[in-house]
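Everything on this sheet refers to the single structure shown next.
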Amino acid sequence: MKDYFFQLCELVSKDIDDSFKSSFFLTAEDSQFIRFSKGKVRQSGIVKDASVSILLGKDQKELSKSRRLTNHLETDVKNIKQALREMVSMIGFIPVNPFSIWPEEINNTENVYEGNLINRDETVKKIVGDIGNIDLVGIYAGGKIYRGQVNSFGQKNWFESTNFNFDFSVYASNGLADKHSLSGECWDEKKYQDLILQSKDKVTLLEEDKKDIVAGKYDIYFSPAAVTDVVEYLNYGAFSKSNIEDKCSSFCQLMDKKVKLSNKVNLSNIVDSGFYQPFEIKGFVANNQVDLVKSGEMVGSLVSPRSSLEYNCKYNSNMEYGCFLNLDGGKLENEKVLETLDTGIYISNLWYTNYSNLFNARITGLTRYACFWIENGKIQAPLNALRFDESIFHMFGEGLEDFTKETFTTLNNSTYEQRSLGAISAPGAIVRDFNFCL
Amino acid sequence: MSFNELLKKWSDKCDRVSIRRTCQKSYSIYMKNGNLEYCGDDDTMGVMISVINKSCSGYAAVPSSEYDVLEEAFLNALNMADSVGEHNLVDSDTLLGNPIVSGEYTTRNAKTWQDNSFEYCLDKLNCISDSLKGANVINTECSYKYIDVHTEIFSSNGGLIDQTLIISNVAFNVTVFTEGREAQKRSFTNGLQNGLEVFDLFPFDDMAKELIVEANELLIAEDCPKGNYDIVLLPDQMMLQIHESIGHPLEIDRILGDERNYAGSSFVKLNDFGELQYGSSLMNVSFDPTIPEQISSFKFDDDGAVAQKTYLIKEGKLINGLGGFDSASRSQLKGVATSRSCSWNRQPIDRMSNLNLDIGDQSLDEIISGIENGILMKTNRSWSIDDRRNSFQFVCEYGQLIENGKLTKVVKNPGYRGVTNKFWNNLTGLGDESTFEVYGLLNCGKGEPNQVIRVGHASPVAHFKDIEVFGGNG
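Here it is, written out as structure tokens:
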């Protein structure tokens, strides 16, 4: 794919006049998707996909087109040349974009992450061949993901990753479930079988009689997956420079120093993690690490090249969205979690979080999958889904008792349009007086 | 080699094979604070080959119509079907019985994209952007997206479908701010099955000016009160209410459990159909692919089934679900033709398409005049509902108190929460034709692998009694 893309770019670039700036950005995948329900296969298939985004700029004007690649060089060259001709004829009449910016430095990068996945003909057998009669539901998505970029300044970037994400849950008969996201570059048979055994034990606990609780404030243990859900939600805009300037970020008050989080909160975005390509569509290559929250204070935001021009500051990110957000762990040992919580709620996962009040960083959402009532440091009973409505300023502020020492990294499992890149690393957290409205 | 010749060649190697080719062209313009930030188009074409063999199914999708690429894709699809073997959930032989369907459909009277259309649309968006200038404005956005999607389905059983849909989505918003107050945003978005004539059908410039007025009202407004009130929801909020608390729970694949790992299941059980009083007797809800301008009107779904208007809830009673041929067969429900994919690289699954609430017989004034203590809410800002689509909490952009039959003070952060079945049984009044509006959205997410798809909802104004309401502090 790399040679094909670079050759294609060379062939189509020949006809572009020197007065234009141009960039070609490839997104491609060769993926196997297998969907499971009730421990059986619901849908099974292969998707091969490749498309090129073409950017053309001149005199602070900019146009964009995207074309699918057929993997037939002659056809693809013809299609992209046609697109370029259309762009050249259009660019005259479009207005100037004052925030159009192109890289001035050449930063060539190449990152290839090889993997060892299950042979595609055997994926079904490996996953459900030996699990017994359990109600497993979920999706295996695995294969190669490619990103490439070439621009008119002579820059070339390549990123290739072979990985998988098996996102699944094992259901109890009462509708509760144990959820896992097994992901990585190599399929580890033993790790998978161990997870299945753990799930079978957890499902036995979930089959117990459920306890009902009433609305009010409770002490909570959020598992790393649940903390990841919160960080992932915040990632939709809270750290964005333009959102902060436009008063559309939930962290405006934090940025303005009107509120402060617990000094245990340290959050950063790390580009050079291998989870995401280090370059963007025009060829900007971002900083390796941007500290966002340090000892509870907001010390930075994600500034895209475009925002750097509008707000007159240095860009530090390829986009205003964290590609690998890392929330530091704390001092709490994993084995001490229930004892430290004492009495309260163990939350494995959250669901459908959304702001109920953006200004106060107040979010609502529900618990999902395996949540338990804990008394005196011991699991007492599973719980139905509960609705919460609480501010992040409390959850990661005065309500935060501690994070677990151990953190977990979860690959982005989104497959909208294509398999996604990126990851979040987060610890578990004990939070006091967290509000449930049920 | 033509697709029909390929199907003939491949049909000796499997029990059924079909080809679905999708060509989609989309044109997008996005402006921020009057500056053109994005102007571009996306041209995509791809083919999905679906195979049924020995009761199992498999698929392969490629962005090409080249013979050698399709030949490899067919073998991949066949391998995927064969590798399922004894671990098959659904006996795909049941699908061999679906009827042979051929036909064509095209969006009616759409003004289609031409060489100079970018200039035309830029001019229209510039006008909207200009209308969004005003007091306390710190940010404005406006965008237009035009989509032309052409789907052809060729089946080895002889069926041939050819369908072209033209979609337009216009969106704009304004944020106002003054020091010491919460920033406030008002927005508009709608997706319809229209071409460029959409700019002639709506007074977007006037609507933009109205948003600034309302945003500034919110900037100095008090928080929405907390307590139990009657609420009146305008159609742009009813769209979301119908979508989340009727559409998703009635998707049969959710009820069957296929979506439990991601989108969730449903509080509705298969034996609720024909039995459950979903809402009050005022409630009549239909799957309706027949309103020409509604975003998901079509003649055929992506399994090739013929779509027609069908009631799912009649006088409050649940009578049918949202599921295509496959789900209908598995559930033994009647279902509707709504098995759809977002593009060539995803398999069809049960979607809601157009799901509409019938009108009642009251004008908005009549509804308001009958309420002693209530709150009118419009335009969704935040939504959250549990994985069984039962417990929900929604917040709107704009609220206004109703006191002694009259609209009075504007309130900010108006939110309400409830439980689906109880909420719909509290439906007390429905607006007449004068209050009925058609909405559509581009981004309903569901499925594994994930898919976003276009869905439409049309509704009159609706009045619900005794609903838990809250403001900015939850």
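Chains A and B, in that order, give the protein sequences.
For the first sequence, the numbering used here assigns the number 3 to the initial residue and increments by one for each residue that follows.
For the second sequence, the numbering used here assigns the number 115 to the initial residue and increments by one for each residue that follows.
No residue lacks a Cβ here, since even glycine has one placed at the ideal position from N, Cα and C.
Given the structure is predicted, the values throughout are model-derived calculations rather than measurements.
Rounded C-alpha distance that separates residue i from residue j
i	j	result
F313 (chain B)	K238 (chain B)	7 Å
V96 (chain B)	L333 (chain B)	An answer regarding residue 96 (chain B) cannot be provided, because it is not within the stretch 115 to 588 covered by chain B.
A425 (chain A)	N414 (chain A)	5 Å
P384 (chain A)	C373 (chain A)	6 Å
M397 (chain B)	V569 (chain B)	20 Å
F414 (chain B)	G172 (chain B)	22 Å
K181 (chain A)	N81 (chain A)	45 Å
D207 (chain B)	S169 (chain B)	5 Å
L269 (chain A)	K296 (chain A)	7 Å
N190 (chain B)	L368 (chain A)	40 Å
E322 (chain A)	S251 (chain A)	12 Å
N149 (chain B)	Y141 (chain B)	18 Å
L184 (chain B)	N289 (chain A)	42 Å
P528 (chain B)	G513 (chain B)	6 Å
E517 (chain B)	L306 (chain B)	35 Å
Test item: CB-CB of residue i and residue j under 8 Å
i	j	result
G331 (chain A)	F224 (chain A)	no
F241 (chain A)	L294 (chain A)	yes
H577 (chain B)	G543 (chain B)	yes
V232 (chain A)	F8 (chain A)	no
N271 (chain A)	L304 (chain A)	yes
V552 (chain B)	I356 (chain B)	no
M194 (chain B)	A174 (chain B)	yes
C325 (chain A)	V273 (chain A)	yes
I281 (chain B)	T226 (chain B)	no
T101 (chain A)	R308 (chain A)	It is worth fixing the name first, because residue 101 (chain A) is Phe in this sequence and not Thr. In contact: F101 (chain A) and R308 (chain A) (Cβ atoms closer than 8 Å).
M321 (chain B)	L471 (chain B)	no
T111 (chain A)	N159 (chain A)	yes
S477 (chain B)	D546 (chain B)	yes
Where residue i falls, given that 16 or more other Cβ within 10 Å makes a residue buried
i	result
R87 (chain A)	exposed
T206 (chain A)	exposed
N362 (chain A)	buried
V98 (chain A)	exposed
A217 (chain A)	exposed
L310 (chain B)	buried
V131 (chain B)	buried
V583 (chain B)	buried
C235 (chain B)	buried
G156 (chain A)	exposed
F387 (chain B)	buried
F95 (chain A)	exposed
T522 (chain B)	exposed
E562 (chain B)	buried
E336 (chain B)	exposed
L340 (chain A)	buried
I427 (chain B)	buried
I381 (chain A)	exposed
L315 (chain B)	exposed
E328 (chain B)	buried
Residues in the segment 342-362 of chain A having any Cβ partner in chain B nearer than 9 Å: W353, Y354, T355, N356, Y357, S358, N359, L360, F361, N362
Under 8 Å (Cβ pairs) to chain A, residues found in the segment 135-160 of chain B: N149, L150, E151, Y152, C153, G154, D155, D156, D157, T158, M159, G160
Minimum length 4: unbroken alpha helix (DSSP H) runs contained in the segment 288-343 of chain A: 307-312, 339-343
Alpha helix (DSSP H) runs wholly inside the segment 465-498 of chain B, at least 4 long, in chain order: 478-483
3-residue-minimum beta strand (DSSP E) runs that sit fully inside the segment 60-141 of chain A, ordered along the chain: 63-70, 111-115
Interfacial residues, the segment 347-370 of chain B to chain A, with Cβ spacing under 7 Å: none
Chain A contacts made by the segment 239-255 of chain B, where a contact means CB separation under 7 Å: I252, N253
Positions along the segment 23-37 of chain A whose CB lies within less than 7 Å of some CB in chain B: F35, R37
3-residue-minimum beta strand (DSSP E) runs that sit fully inside the segment 137-183 of chain A, ordered along the chain: 137-153, 158-173
In chain order, each alpha helix (DSSP H) run of at least 4 residues that lies wholly inside the segment 231-275 of chain B: 231-245
Under 8 Å (Cβ pairs) to chain A, residues found in the segment 558-579 of chain B: G559, E562, P563, N564, Q565, V566
Residues of the segment 368-387 of chain B whose Cβ lies closer than 9 Å to any Cβ of chain A, in chain order: L370, G371, D372, E373, R374, N375, Y376, G378, S379
Residues, ordered as in the chain, of the segment 524-544 of chain B that lie near chain A by beta-carbon distance below 8 Å: N527, G529, R531
Against chain B: residues of the segment 277-292 of chain A by CB proximity under 8 Å: none
Members of the segment 266-289 of chain B that neighbour chain A once the beta carbon cut-off is set at 7 Å: T289
Proximal residues, the segment 476-500 of chain B versus chain A, C-beta separation under 9 Å: R495, S496, W497, S498, I499, D500
Uninterrupted alpha helix (DSSP H) stretches inside the segment 178-215 of chain A (no shorter than 4 residues): 191-208
Sequence ranges, alpha helix (DSSP H) only - wholly within the segment 433-470 of chain B, length at least 4: 439-445
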